[in-house]
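Here the structure is laid out as structure tokens; the discussion comes afterwards.
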Amino acid sequence: MFSFAPTPGQSSADLYADLVESARALTDGEPDGVANMANVAALIWQFLPDLNWAGFYRMVGDGLVLGPFVGKPACIRIALGQGVCGTAAATGQTQLVPDVHAFPGHIACDAQSRSELVVPVLRDGQVIAVIDLDSPSPARFTPDDARGIKALAAALVTCI
Ligand code: SME
Numbered sequence: 009m010f011s012f013a014p015t016p017g018q019s020s021a022d023l024y025a026d027l028v029e030s031a032r033a034l035t036d037g038e039p040d041g042v043a044n045m046a047n048v049a050a051l052i053w054q055f056l057p058d059l060n061w062a063g064f065y066r067m068v069g070d071g072l073v074l075g076p077f078v079g080k081p082a083c084i085r086i087a088l089g090q091g092v093c094g095t096a097a098a099t100g101q102t103q104l105v106p107d108v109h110a111f112p113g114h115i116a117c118d119a120q121s122r123s124e125l126v127v128p129v130l131r132d133g134q135v136i137a138v139i140d141l142d143s144p145s146p147a148r149f150t151p152d153d154a155r156g157i158k159a160l161a162a163a164l165v166t167c168i
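Take the sequence shown: its letter number 62 is residue 70 in my numbering, and every next letter is one higher.
Have a look at this one:
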């Protein structure tokens, strides 16, 4: 039985440090990338409040394909440069979107989503996946969240 959970009242830095440490512990020694992404999506859901979607899109060929996630069913394939995820994958840059309605080309998988954070996972300078978080609250994500999810992405490079 695994029990990974945030400590009530902890700072954002401590929360993300715990999240990354939990992800390392859960993925340690496990070579199956799908299993690892599935557990990490569940961990994100456990640790971060006010989300309506949390998961992965993987680079497959020349586009993104849906990976393990928690939330409502989502669009399966996203072209590079399309939407928030495709922009993160095409540029290799984190996309912190306070208002998804103001993001040109945003893909609405769940009409409830109001803000979004997408962080690329880079291996040897190449995007291998993106971590996508959606929230029903406007401006849910801060630069602290972006930093924390980037640290998580870095911890996953060799295990997804
Ligand atoms: N909103 C994303 C699509 C994926 S869903 O949010 C799960 C985008 O614009 O790329």
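Ideal Cβ placement from N, Cα and C applies to all residues, glycine included.
In this text the structure is predicted, and so the values were computed from the model without any measurement.
{"Query": "Where R66 falls, given that 16 or more other Cβ within 10 Å makes a residue buried", "Result": "buried"}
{"Query": "Burial state of R148, where buried means 16 or more other Cβ atoms lie within 10 Å", "Result": "buried"}
{"Query": "Nearest candidate by alpha-carbon position, reference S121, set D107, A98 and C167", "Result": "D107"}
{"Query": "Alpha-carbon spacing of G156 relative to T166, whole angstroms", "Result": "18 Å"}
{"Query": "Of the residues E38, P14 and Q18, the one placed nearest L27, counting alpha carbons only", "Result": "P14"}
{"Query": "Touch test, the segment 55-62 against the segment 138-147, Cβ-Cβ under 8 Å, three pairs minimum", "Result": "yes"}
{"Query": "Heavy atoms of ligand 1 versus C-beta positions, residues under 5 Å", "Result": "W61, A82, G91, V92, C93, H114, I115, C117 and D142"}
{"Query": "Under the three-state DSSP convention, the category V42 falls into", "Result": "helix"}
{"Query": "Stretch-stretch touch, CB-based, cutoff 8 Å, three pairs: the segment 66-75 with the segment 85-93", "Result": "yes"}
{"Query": "For V28, the first and last residue of its enclosing alpha helix (DSSP H)", "Result": "S20 to T35"}
{"Query": "Status (buried if at least 16 other CB within 10 Å, exposed otherwise) for D153", "Result": "buried"}
{"Query": "Beta-carbon proximity list for C83, same chain, < 8 Å, skipping 5 on both sides", "Result": "L74, I115 and C117"}
{"Query": "Test item: CB-CB of L130 and V48 under 9 Å", "Result": "no"}
{"Query": "I157: first and last residue of the uninterrupted alpha helix (DSSP H) it sits in", "Result": "P151 to L164"}
{"Query": "Assigned exposure category for A230 - 16 Cβ within 10 Å defines buried", "Result": "With the chain covering 9 to 168 only, the question about residue 230 has no answer from this structure."}
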